[in-house]
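Only one structure is covered here, and it is reproduced in the block below.
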Amino acid sequence: MSFGPPHHRKDEFEEAALPHFDALFNLALNLTRNRKDAEDLVQEAFLRAFRFFNSYRKGTHIKAWLFRILRNTFINRYRAAKVRPTEVDFAKIEASYEQIVDETFLRSRQGPSPEDVVMDGVLDDEVRQAMDDLPEEYRSVVLMALMEQMSYKEIASALSIPLGTVMSRLHRGRKMLQAALVSYARQKGIFKPAADVPSPEGKKDPK
Amino acid sequence: MTERPTARKPGCREFQRNIYHLQAGELPDEQAEALAVHAEACTACAERLVVEDAFLRALRRKLTREPAPPGLQARVRSALERDAVPATIWHWLHAPWFMPAAAALVLALVLIPALPAWDSLGGVVLVEREVTVVDYTCDRAGVSLSQQRQCPLVHHLNALKVGPDDYWILTADQVEASKLMVDPEMRGHRLLVEGELDTRNHTLKLARFADRGEVIASALPAAVPLLLIAAVP
């Protein structure tokens with residue numbers, strides 16, 4: 001058994017780190033896709049962060065620092081083998097997304113809006129599933145950008161990747177996510193013609 | 208029926224490529240301004256922006272944080288409480304003489320076995336290897352791995368064992384690797400490590416590592432008050 005930092009540092013640490021508890025839990029859930037593992041991961045990450053608290057430079061983004069520790073803990077403990085980046089056909093994603101957007105939202109004025117799709121066309125579980133289906137590299141970036149509203153610089157710091165990589169992963173990740181949500185909604189029939197019902201959002205006329 | 212506008216103008220490609228970054232406010236002012244100007248003139252891109260704005264609004268509303276389960280935070284706080292030491296012990300371990308003494312000891316231990324391996328052509332090589340984390344001094348003295356975890360000598364630092372009488376020491380400047388250097392609980396773990404090895408002094412600049420698990424089961428006796436301290440750099 002070994003010991004960590006002293007008690008007075010613990011109070012300082014808790015004050016700085018606990019406000020980000022829920023955010024860390026959500027990242028853990030996003031990474032492990034399993035509640036039990038997420039809880040264990042959060043606990044272990046907090047302990048590590050506490051042990052390393054001396055190495056945290058005051059005034060810098062503690063959230064990104066905590067996220068990085070949690071992610072490294074995940075990689076060390078829960079991701080068994082070295083994971084190769086997912087083979088994704090980018091050109092295909094882009095083309096497919098263009099087509100979906102065009103067909104679904106732009107071609108007809110009677111169709112649903114993106115808000116209809118996301119808010120009413122899919123259940124919360126389906127949104128979670130669409131997120132979980134994203135390759136891990138994209139999933140983390142999308143979560144940090146959309147749910148946590150972190151800046152690109154903070155995301156780059158949290159994931160130890162260059163800024164350019166954050167940008168391309170967000171770009172592709174959002175397209176993949178949005179395409180998936182549209183196709184879930186389509187399967188459930190949100191796109192049935194409803195000519196008599198005025199669109200709830202009052203879509204802007206691009207002309 | 209009017210023809211659908213297509214995104215073919217010069218500038219459309221750049222606009223579509225940067226649309227999400229524009230939304231995030233992450234583009235330099237000049238670039239953001241130029242794209243806004245383009246959207247005013249280009250119907251196709253303006254339409255796309257409307258769609259993406261709607262998606263962003265909706266996703267931000269839908270992707271809300273789930274609250275952590277009740278009790279988890281309390282459990283974490285108890286764990287931190289158990290981990291923290293009374294100030295007096297901590298200060299003694301971090302007395303000004305302590306770390307330099309420990310560092311000097313490690314340096315001496317590293318140099319002595321390294322001398323015969325001096326390679327005049329030696330330098331830095333990239334390595335990727337599975338290693339075992341050990342207590343450097345104890346392991347060289349023949350102490351078993353399970354006993355190494357219980358070694359009470361606080362100045363014993365860890366090393367990465369590559370093979371019989373072949374050890375790598377981690378460079379001290381690496382913050383995230385410092386846990387590997389000092390944590391007795393890491394002894395007995397097999398790691399796959401990647402990094403730059405200085406073959407002259409067997410120091411490894413760690414790029415990344417993966418924990419492959421424990422060679423030995425954790426078998427600490429329950430009620431032994433152990434004075435092993437994690438020296439935080």
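These protein sequence lines map, in sequence, to chains A and B. Heads up, the first sequence stops at 207 in our numbering, and the numbers go up one at a time, no gaps. Heads up, the second sequence stops at 440 in our numbering, and the numbers go up one at a time, no gaps. Positions of the beta carbon are idealized from the N, C-alpha and C atoms, including for glycine.
Asked                                                                                                                                                                        : Found
What residues in its chain sit with their C-beta under 7 Å from that of A366 (chain B), if we drop five residues either side in the sequence?                                : V341, Y343, Y374, W375 and I376
Between A261 (chain B) and chain A, is the shortest Cβ-Cβ distance under 8 Å, so that the two count as touching?                                                             : yes
Tell me which same chain residues have a C-beta within less than 7 Å of the C-beta of R415 (chain B), skipping the five on either side of it?                                : E401
Kindly confirm or deny that the segment 167-174 of chain A and the segment 134-142 of chain A touch, where touching means at least three C-beta pairs closer than 8 Å.       : yes
Who pairs with G370 (chain B) in a beta bridge, going by DSSP?                                                                                                               : B:D373
Could you tell me the distance, in whole angstroms, from the CA atom of E126 (chain A) to the CA atom of R174 (chain A)?                                                     : 15 Å
Consult DSSP for A286 (chain B) and reduce its assignment to one of helix, strand or coil.                                                                                   : helix
For A417 (chain B), which three-state DSSP category applies?                                                                                                                 : strand
Strictly below 7 Å CB to CB, what residues from chain B border N26 (chain A)?                                                                                                : R272 and E273
Where does K412 (chain B) sit, in a helix, a strand or coil, going by DSSP?                                                                                                  : strand
Just to confirm the assignment, what range does the beta strand (DSSP E) spanning G164 (chain A) have?                                                                       : No beta strand (DSSP E) holds G164 (chain A); the alpha helix (DSSP H) holding it covers L163 to Q187.
So is H7 (chain A) in contact with chain B if we call contact Cβ pairs under 8 Å?                                                                                            : yes
Which of the residues in the segment 224-235 of chain B, read from start to end, lie with their CB under 9 Å from any CB of chain A?                                         : R224, N225, I226, Y227, H228, A231, G232 and E233
For V334 (chain B), list the residues DSSP reports as bridge partners.                                                                                                       : B:G402
Between the Cα of V334 (chain B) and the Cα atoms of B:C219, B:G218 and B:L411, which residue gives the shortest distance?                                                   : B:L411
Going along chain D in order, which residues have a C-beta closer than 7 Å to the C-beta of D22 (chain A)?                                                                   : No chain D is part of this structure, whose protein chains are labelled A and B.
State the CB to CB distance for the pair E337 (chain B) and R419 (chain B), rounded to an integer number of angstroms; the pair is presumed to be in contact (CB under 8 Å). : 7 Å
Going by the CB atoms, is the gap between P276 (chain B) and E44 (chain A) shorter than 8 Å?                                                                                 : no
Is it buried or exposed, G330 (chain B), if we count other Cβ atoms within 10 angstroms and call 16 or more buried?                                                          : exposed
Can you list, in chain order, the stretches of the alpha helix (DSSP H) that have 4 or more residues and sit fully within the segment 59-116 of chain A?                     : 62-77 and 90-101
I need the straight-line Cα distance from E237 (chain B) to S151 (chain A), nearest angstrom please.                                                                         : 19 Å
Between the segment 330-359 of chain B and chain A, which residues of the former have a C-beta closer than 7 Å to a C-beta of the latter?                                    : none
When the Cβ atoms of the segment 215-224 of chain B are set against those of the segment 247-255 of chain B, are three or more pairs found closer than 8 Å?                  : yes
In terms of DSSP beta bridges, what is P6 (chain A) paired with?                                                                                                             : B:V292
Between the segment 58-74 of chain A and chain B, which residues of the former have a C-beta closer than 9 Å to a C-beta of the latter?                                      : R68, I69 and N72
Is the beta carbon of A265 (chain B) sitting closer than 8 Å to the one on E115 (chain A)?                                                                                   : yes
On a Cα-Cα basis, can you pick out the residue from A:G189, A:M176, A:P6 and A:P5 that is closest to K92 (chain A)?                                                          : A:M176
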